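This report refers to the structure that appears directly beneath it.
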Amino acid sequence: MRSRLANILLAALAAISVVTTAEAQVPDPQETLETIIGAFQKGGPPVAYQTLSPLVFNLVASQTSGSGYYPQIAAAGPISSTEILDSKAFPLGPMYVIRVTHAGSAFASGGPVDWFIGFNQATGKIEYLTFQTVAAGSAPTIEKGATASQTIGGIDPVKKLPKPAPTDETPQEKALRLACANFPVMCK
Amino acid sequence: MLGGLLTFLPVDLCRGQGASGGCWIPEQDTDDFISSHNSGLDILGGKITAKSGFDHLEVALNQTLSKLSAMFGVLPSFSFYDEASDPNAKAMKRDIIANQSDGTVLLGTTLLQDLMKLPAFADAAIVAVCAHEYGHILSYANNTIAQLRPKGATVYRAEQFADFMSGYYAGVRKTDVPDFPAVMFADSTKRYGGGEHGTGEQRAEAVVEGFKRGYIAKDKPVAAAQRALDFALSR
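Chains as they are written, first to last, in my numbering: chain A, 78 to 265; chain B, 88 to 322.
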């Protein structure tokens, strides 16, 4: 499994290297989350892990000894529904809080689970992924952040995600930046 | 912005293919083109029109066309035409408007509207189209069109020549005005690859090579035209 994950990682890195000037499409967050949870429950299929950034991929491999399988997530049973509770755009990409209800027994405390999932909009990969059991009281928000002890690749989305291109770039500046990347001799 | 840039820039798109297979119209096809686009040469009443629909554009465009004429040493008539669903621009050897100059350049109003919707540097894209068409006119004027497209050949080399000259214009303008967005010529031209014009990459390469002759080598127009011919014939 370890070598299989390594192969997937290489494929993921190769895919990232292709993404240069064009911005990748951020995938549907609910669909993507359902896919990756399913993979965590079964330890595959390998293609599902290609939705993870190299950093998260390595963390998953480390936390599961290369299997990609989380017994506690598998114990929750199949997903019966998902609901987006919160979302926010960050310079690196969008972040979502998604409540996932499973058909089987829930995690340790019972009930649904709230996932925090963040995407890199330049690559379309999952850059941030963690979950917590649903606590009584107010619903989780991105501002408050994840507080669960069980995390997968937890990266503080506000404090630690690197900032890519400035967001106040005008259409003209963006057009010139992309064109100059393709034809640098014309911008000297 | 439009006025300022159009004063400086030239662009070229020439995306669709007419019956002649290019965005320039061979002499033998000119009558057919006229009859299909302009009933009885009633220029203002037919499909060929003197108005673009963008009044603020026309003053700046006139200034740019004057620069193109001066640089390339040609004086074609220029007008707009309704090309309907085939966004395009055309160059023909015959002057169907004023009967006094080096042929005719027609800029399609549909193409113009498409370009005006670009989020940035619409003016550069429009001028690039015009420069490309003036490149075709130059090939008529200096009689290189026979070499570029001998009987039975495709229009590819003629298009490469026009793209090269469009890039040359951008290079000269950038020499005069350092922040001139010459790179948008290659960028916009690349988007309109396909068919006998060549791929987007081939078209952009021609623009870049022309730019080098104008901006780096500082070629005079006649020398640049010879470079353009050599480049196109090597393709």
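Don't be surprised by glycine CBs; every beta carbon is placed ideally from N, CA and C.
Note that the structure is a prediction, hence the values are computed from the model and not measured.
Give me, in chain order, the residues of the same chain whose beta-carbon lies closer than 6 Å to that of residue i; leave out the 5 immediate sequence neighbours on both sides.
i	result
Lys192/B	Note that residue 192/B is Val in the sequence shown here, rather than Lys. Excluding residues within five positions, the ones whose Cβ falls inside 6 Å are Pro163, Phe165, Ala178, Glu220.
Ala151/A	Gln118
Ser156/B	Leu162
Thr159/A	Gln107, Ile175, Val177
Met203/B	Ala209
Lys165/A	Met172, Ile219
Within 10 angstroms of its Cβ, does residue i collect 16 or more other Cβ (buried), or is it exposed?
i	result
Val270/B	buried
Ala185/B	exposed
Gln209/A	buried
Arg268/A	Only positions 78 to 265 of chain A appear in the structure, and residue 268/A is not among them; the question remains open.
Pro217/A	buried
His143/B	exposed
Lys236/A	No answer about Lys236/A holds up, because its pLDDT of 41 lies below 50 and its placement is not dependable.
Leu148/B	buried
Glu246/B	buried
Pro369/B	Any property of residue 369/B remains undetermined from this structure, which presents chain B solely from 88 to 322.
Pro308/B	buried
Glu170/B	buried
Val146/B	exposed
Ser157/A	exposed
Gly190/B	buried
Leu320/B	exposed
Gly140/B	exposed
Ser172/B	exposed
Lys261/A	The displayed chain sequence assigns Pro, not Lys, to residue 261/A. Exposed, since its Cβ has fewer than 16 Cβ neighbours within 10 Å.
Asp317/B	exposed
Ala242/A	With a pLDDT of 49 at Ala242/A, under the threshold of 50, the modelled position of this residue cannot be trusted; read the value that follows with caution. Looking at its Cβ environment, which holds fewer than 16 other Cβ atoms inside 10 Å, Ala242/A is exposed.
Ala137/B	exposed
Gly195/B	buried
Ile161/A	exposed
Ala233/B	exposed
Asp105/A	exposed
Ser130/A	buried
Pro174/B	buried
Lys180/B	buried
Gly145/A	buried
Lys305/B	exposed
Lys221/A	exposed
Ala252/A	buried
Gly239/B	exposed
Ser153/B	exposed
Gly222/B	buried
Gly285/B	buried
Going along the chain, which residues of its own chain have a beta-carbon closer than 8 Å to the beta-carbon of residue i, five neighbours each way excluded?
i	result
Ala125/A	Thr112, Ile113, Gly115, Ala116
Gly258/B	Ala269, Gly297, Phe298, Lys299, Arg300, Gly301, Tyr302, Ile303
His179/A	Ala153, Gly154, Pro155, Ile156, Ser157, Pro189, Val190
Per the DSSP calculation, residue i is bridged to which residue(s)?
i	result
Gln150/B	Its beta-bridge partners do not exist; DSSP assigns none.
Thr281/A	Chain A is shown from 78 up to 265; residue 281/A falls before or after that span and cannot be answered.
Ala293/B	The partner list for Ala293/B (beta bridge, DSSP) is empty, contrary to what the question assumes.
Phe141/B	Looking at the DSSP assignment, Phe141/B forms no beta bridge with any residue, so it has no partner.
Ala176/B	Leu194/B
Ile135/B	Tyr168/B
Under 8 Å by Cβ, that's how I've got residue i and residue j pegged, so tell me the actual separation to the nearest angstrom.
i	j	result
Lys202/A	Thr128/A	6 Å
Val216/B	Ala273/B	About 13 Å separates the two Cβ atoms, so there is no contact after all.
Arg260/B	Arg322/B	Their Cβ separation, rounded to whole angstroms, is 25 Å, which puts Arg260/B and Arg322/B out of contact at 8 Å.
Gln249/A	Ala207/B	5 Å
Ala310/B	Asp250/B	Not confirmed; about 18 Å, so no contact.
Met66/B	Ala212/B	Chain B is shown from 88 up to 322; residue 66/B falls before or after that span and cannot be answered.
Leu205/B	Phe159/B	The pair is not a contact, with the Cβ atoms about 25 Å apart (cut-off 8 Å).
Thr151/B	Val242/B	With 8 Å as the limit, Thr151/B and Val242/B do not qualify as a contact, their Cβ atoms being about 25 Å apart.
Phe267/B	Ala315/B	Not confirmed; about 20 Å, so no contact.
Gly280/B	Gln289/B	7 Å
Suppose the cutoff is 7 Å on Cβ atoms and the five residues either side in sequence are ignored; what does the same chain contact list for residue i look like?
i	result
Thr141/A	Tyr147
Arg278/B	Gly287
Cys264/A	Cys257
Asn229/B	Ala312
Val295/B	Gly254, Ala273
Arg236/B	Val242, Arg244, Ala245
Sequence ranges, beta strand (DSSP E) only - wholly within the segment 178 to 265 of chain B, length at least 3: Unbroken beta strand (DSSP E) runs of no fewer than 3 residues, entirely contained in the segment 178 to 265 of chain B, are found at 191 to 195, following chain order.
Complete runs of the beta strand (DSSP E) confined to the segment 146 to 190 of chain A [at least 3 residues]: The segment 146 to 190 of chain A contains these whole beta strand (DSSP E) runs: 156 to 166, 171 to 179.
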